[in-house]
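In the numbering used here, the protein residues as written are 966 to 1571.
Here a beta-carbon is modelled for each residue, glycine too, at the ideal position from N, C-alpha and C.
None of these values were measured; they are calculated from a predicted model.
Spelled out as structure tokens, the structure:
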């Protein structure tokens, strides 16, 4: 189905989201600049930045839908299914995914409107006399726009397309109003949501629909769902997510990758072994900076795979190495999932950053050893090229190498809050790439702002819906019941850790990582505390296990990025990364059974 032509007015939501992100960078930097001067800064700046995050989340999600960037579980089913993917079946699945998602968006828009109207009855000032509900109003507006856009995807017919675009969200809103008092049969709703999830419905819509169904079943107000979305989107630590992601995207789209590659080749050599080590370390570091392993594959895949082939490394193993190593940056600062776990587990972000250093090294070693990437079988002997000079390589990449120091140093030194540190890192990336390297134009900056807004918008929508589901489960007493029930069967702490690793490994394969963090961390953390496991240690074990989710079909997004990047069938990429799954599980067990790997460094600095 051919996408409709993009009209200039249809990019309004993209511009609003990018502008909100730009202000999120500028406001903390202005505050930091004025602080030594003891001058009056921007009124209520932290809260203002947090609410700009809500604007970014809603309009970024709308832009993400238009570009096809909303996360789904049923992506590329045709690639797995063979010839059936070229028949009428994909069109049916497409309609089954988009239509119900539009209906759910209509219900969510109604619920968000109810929430905003309640806030209007007792308005709270945000800054400069602006009431908070002005910003909150972007929730029903954004959800309604999402419903319209999803509805328009159901059919390409000239008459049916506008009817579906407007009719499906309105029908959803009517159903929400009609059945709010007593709801629908919960069993039917769960089956329905499972079907549309497998068909390829956006994950946020399925999570939101599940939360709505559960609140419906207990006769609770539907406004509880948008309330949860508002709470997590305006969390004090959440602005760090888009700001660190923006810094990473800027580095990924300039010559930073080439310069860092030269550094690691100078350190490890240009032979097969050296190139493998350089690729594993570079992919891990780059994923931590960019906030997404898929971005790392797109930024480094075209650079590293030719280098591996040139060193005589087998192509299949090289694809597996780049694809799997790009998942390992989750444990390195300033990883977006790491920040999320720190926020939800209520662990200082600086301590979480330190806690991930040694476990990240363990995971890289396990990947190389147990993943079989150090095997010499199949490696051709080729004439090694000259190793790049280390001094010149370090000097050329000095600004990129200093970026993590700026990010972590400003935070650990107390000179900046996590949000200010993230804004400082983003501003540092802009200045160094624009002035020192002269590689960043205004157009590239605007494109990066827009793309970052789309990435974060889709993620934040998933987080908001997942938090609503989590809040319901917590209110229902699920964590307390688990604390009473599980110790009856698992009395030993170490047996629990092994069982936890196995459970998380399965969960990583079935759940998108951000949804898994928001749903599972609050449910499992009380159990971990019962067994005497520190929140810091639990968070690192959780993240280590989640790395497997990037590589496991059908939800493993690294497989889809690598398939597109290397132009290989999805099954071939999955086969290439299969040994890495075993290696990640072994690494997770090592980290779980040796707590000092995670708690040692933070303990030294307390």
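Spanning the alpha carbons of residue 1031 and residue 1002 requires a straight line of approximately 45 Å. Of all C-beta pairs linking the stretch 1320-1331 to the stretch 1503-1511, three or more are shorter than 8 Å, placing the two stretches in contact. Of all alpha-carbon atoms in 1266, 1245, 1382, the one lying nearest the alpha-carbon of residue 1333 is that of 1245.
Contact between the stretch 1382-1399 and the stretch 1203-1223 is established, with three or more Cβ pairs separated by less than 8 Å.
If the five residues before and after residue 1092 are omitted, its C-beta is found closer than 6 Å to the C-beta atoms of 1008, 1009, 1013, all from its own chain and listed in chain order. Judged by DSSP secondary structure, residue 1362 falls outside any alpha helix (DSSP H); it is assigned neither H nor E. Burial state of residue 1354 is exposed, judged by a 10 Å Cβ sphere holding fewer than 16 other Cβ atoms. With a cutoff of 8 Å on beta-carbon distance, residue 1310 and residue 1486 are scored as near each other. A Cβ-Cβ contact shorter than 8 Å links residue 1483 with residue 1428. Rounded to the nearest angstrom, the Cβ distance from residue 1025 to residue 1422 is 2 Å, consistent with a contact under 8 Å. In the pairwise beta carbon analysis, the stretch 1403-1422 is classified as not touching the stretch 1374-1390: fewer than three pairs are separated by under 8 Å. By the neighbour-count criterion, in which a residue is buried when 16 or more other Cβ atoms sit within 10 angstroms of its Cβ, residue 1124 is exposed.
Bounds of the beta strand (DSSP E) holding residue 1090 are 1090-1092. Per DSSP, residue 980 is one residue of the alpha helix (DSSP H) stretching across 977-999.
Within the model, the alpha-carbon separation for residue 1565 versus residue 1555 is close to 15 Å. Short of 8 Å from the beta carbon of residue 1454, and not among the five residues preceding or following it, lies no beta carbon of its own chain.
Boundaries of the alpha helix (DSSP H) around residue 1281: 1280-1290.
The continuous alpha helix (DSSP H) containing residue 1460 extends over residues 1458-1475.
By a beta-carbon distance limit of 8 Å, residue 1273 contacts residue 1283. Their separation comes to about 4 Å. Per DSSP, the unbroken alpha helix (DSSP H) holding residue 1331 starts and ends at 1322-1335.
The beta carbon of residue 1497 is closer than 7 Å to those of 1458 in its chain, skipping five residues each way along the sequence.
Shortest Cα-Cα distance from residue 1076 to any of 1460, 1144, 976, 1236 involves 1144. Between the stretch 1134-1142 and the stretch 1062-1074 there are three or more C-beta pairs closer than 8 Å, enough to call the two in contact. In this structure, the CA atom of residue 1140 is about 7 Å from the CA atom of residue 1072. Excluding five sequence positions before and after residue 1105, the CB atoms of its chain that fall closer than 7 Å to its own CB belong to 1074, 1077, 1078, 1081, given in chain order. Non-local C-beta neighbours of residue 1419 in its own chain, meaning closer than 7 Å and more than five positions away in sequence, comprise 1025, 1028, 1029, 1032, 1034, ordered along the chain. A Cβ-Cβ separation of about 13 Å leaves residue 1196 out of contact with residue 1434 under the 8 Å criterion. Sequence-distant partners of residue 1533 (beyond 5 residues in either direction) whose C-beta falls short of 6 Å from its own C-beta are missing from its chain.
In the structure shown, residue 1390 falls within a helical segment according to DSSP collapsed to helix, strand and coil.
Residue nearest to residue 1465 within the set 1504, 1445, 1438 is 1504 (criterion: CA-CA distance). With contacts defined as CB atoms closer than 8 Å, residue 1316 and residue 1192 fail to qualify as a contacting pair. Look at the beta carbons and you see the stretch 987-996 touching the stretch 1195-1209: at least three pairs across the two are nearer than 8 Å. Residue state for residue 1299 is assigned as coil, using DSSP reduced to three classes. Apart from the 5 residues on each side of it in sequence, residue 1548 sits with its Cβ closer than 7 Å to the Cβ of 1331, 1332, 1335, 1336 in its chain, given in chain order. Of the other Cβ atoms in all chains shown, 16 or more fall within 10 Å of the Cβ of residue 1314; this residue is therefore buried.
In the structure shown, residue 1382 falls within a coil segment according to DSSP collapsed to helix, strand and coil.
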